[in-house]
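Below: one structure, written as structure tokens.
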Amino acid sequence: MEKAAVKAELKLPAVESARQSGSPVLPVLVFFAIAVRVLFVLLARNIGNPHSMDAQNYLNIADGLLSGQGFALKGQPTTFVAPLYPALLALLQAVLGKSILAIKLFQAVLGGLTTWLVYLLAKMYFPRGVAYVAAGLFALHPEMVG
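Residues in the sequence shown are numbered consecutively from 1, following our numbering.
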């Protein structure tokens with residue numbers, strides 16, 4: 001007896017880009033989110049200690065990746081942290097040099113771009129106005145900025 005093939009179809013809600021909607025609100029929100037984060041990094045350089053244990057572990061693993069020691073802390077392989085962030089730090093250090101400021105600026109831009117993702121996620125389930133409010137709150141929320 002032959003089983004009928006079940007065709008699974010994933011239907012995602014339609015997501016329109018800011019360009020399709022003709023509204024400048026989302027690009028302005030994203031630009032503003034990036035600007036606020038970059039200004040915060042430049043004006044509050046002493047906030048966020050790069051010598052804290054957590055930050056130092058990530059930087060040490062990134063250094064190990066760059067120097068050919070692999071994913072290791074103090075010369076020993078580790079599973080203490082997830083691999084993607086130290087790999088990103090290693091890539092940034094290889095391209096931009098060992099600059100904590102460059103890493104913070106990159107993270108500020110990435111955080112600002114996340115405003116767009118918040119909008120898209122909210123737009124999937126709520127009206128456009130609610131999605132703009134969610135993106136705006138994310139763009140300016142102090143915990144998300146600093």
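C-beta atoms are modelled at their ideal positions from N, C-alpha and C, and glycine is treated no differently.
Residue environment, residue i, which counts as buried when at least 16 other CB atoms sit within 10 Å
i      : result
Val28  : exposed
Phe80  : exposed
Thr115 : buried
Arg37  : buried
Ala44  : exposed
Leu101 : exposed
C-alpha gap between residue i and residue j, whole angstroms
i      : j      : result
Val95  : Val130 : 39 Å
Pro142 : Gly111 : 12 Å
Ala82  : Phe126 : 33 Å
Ser99  : Gln93  : 7 Å
Leu117 : Gly146 : 19 Å
Ala135 : Gly75  : 43 Å
Met124 : Ser67  : 44 Å
Counterpart residues of residue i in DSSP-defined beta bridges
i     : result
Gln76 : Leu73
Simplified DSSP assignment, three categories, for residue i
i      : result
Arg148 : Coverage of the chain is limited to positions 1 through 146, which leaves residue 148 absent and any answer about it impossible.
Ser67  : helix
Phe106 : helix
Ala90  : helix
Ala33  : helix
Gly146 : coil
Ala62  : helix
Val95  : helix
Ala134 : helix
Phe40  : helix
Ala122 : helix
Whole-Å CB distance - residue i paired with residue j, under 8 Å assumed
i     : j      : result
Phe32 : Ala139 : 6 Å
Ala90 : Leu65  : 4 Å
Val30 : Leu105 : Rounded, the Cβ-Cβ distance is 16 Å, inconsistent with contact.
Ala62 : Pro86  : 5 Å
Leu39 : Asn60  : About 29 Å; that fails the 8 Å criterion.
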